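A short write-up of the structure that comes next.
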Amino acid sequence: MSKNQKSKHTKSSIRRKRLSAIQKTILLVILANIALVIFCVVFVETHTPQKTITSNLETIAKDYYENYFFPQLNASTETMDKYHQHGFSSVSLQHLLIYDGQKNVKLTDMFSNYCDLNRTTIKIYPDPPYTKDSYHIDYKYVCTY
Numbered sequence: 062m063s064k065n066q067k068s069k070h071t072k073s074s075i076r077r078k079r080l081s082a083i084q085k086t087i088l089l090v091i092l093a094n095i096a097l098v099i100f101c102v103v104f105v106e107t108h109t110p111q112k113t114i115t116s117n118l119e120t121i122a123k124d125y126y127e128n129y130f131f132p133q134l135n136a137s138t139e140t141m142d143k144y145h146q147h148g149f150s151s152v153s154l155q156h157l158l159i160y161d162g163q164k165n166v167k168l169t170d171m172f173s174n175y176c177d178l179n180r181t182t183i184k185i186y187p188d189p190p191y192t193k194d195s196y197h198i199d200y201k202y203v204c205t206y
């Protein structure tokens, strides 16, 4: 094979390895679809109604106890020991949405789409040493997602 023939053979093999414009477009569309599917799976997994409701209710319950209910308590350690075992009375989601000047009323529509506002409740149990942030909460969800 002459030098000239080798050169033509090499150039033609390089040309065959390059993608045509149509192939590039198809490849780009496939990659874009894969990226879209991955984004959707991640987004849906992190933004489900159940996660949104759980997160919002935990935030409201924390604020309710620490900034509204606890400052009004004037109980002895003996009294708090009783509540540590049995908990305070359950508080409905309806009440949590309207306490303290209805500060959470804007969330009513979101919760009412999935939960029974009167039967979804929290129960707060103070924990020693009975400070504002020593407690735990039991959540009772009556929701459909």
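So the number in our numbering is just where the residue sits in the sequence shown, counting from 1, plus 61. Just so it is clear, CB atoms sit at the ideal spot from N, CA and C, and this is done for glycine as well. Computed from a prediction, not measured in an experiment: that's the story for all the values here.
| task | Kindly give me the distance between the Cβ atoms of asparagine 179 and serine 153, rounded to whole angstroms, as I take these residues to be in contact under 8 Å. | result | 5 Å
| said: Going by DSSP, what residue range makes up the beta strand (DSSP E) through proline 187? | reply: 182-187
| Would the beta-carbon of tyrosine 126 fall within 8 Å of that of tyrosine 175? | no
| said: Any heavy atom of the ligand HEM closer than 7 Å to the beta-carbon of threonine 120? | reply: Of the ligands one can find in the structure shown there are none, so the ligand HEM has no counterpart to examine.
| request: Report yes if the C-beta distance between glycine 148 and tyrosine 186 is below 8 Å; otherwise report no. | output: yes
| message | Using 8 Å as the threshold, is the C-beta distance between leucine 168 and asparagine 117 below it? | response | yes
| field | Strand pairing of lysine 209, partner residues [DSSP] | value | For the chain, the structure presents residues 62 to 206; residue 209 sits outside this window and is missing.
| Alpha-carbon spacing of isoleucine 121 relative to valine 166, whole angstroms | 11 Å
| request: Between the Cα of valine 203 and those of Thr115, Asn135 and Asp194, spot the shortest distance and give me the residue it belongs to. | output: Thr115
| CB of proline 189 within 8 Å of CB of histidine 156, strictly | no
| Taking the C-alpha atoms as reference points, what is the distance between tyrosine 160 and aspartate 124? | 11 Å
| request: Could you tell me the distance, in whole angstroms, from the CA atom of glutamate 119 to the CA atom of isoleucine 99? | output: 29 Å
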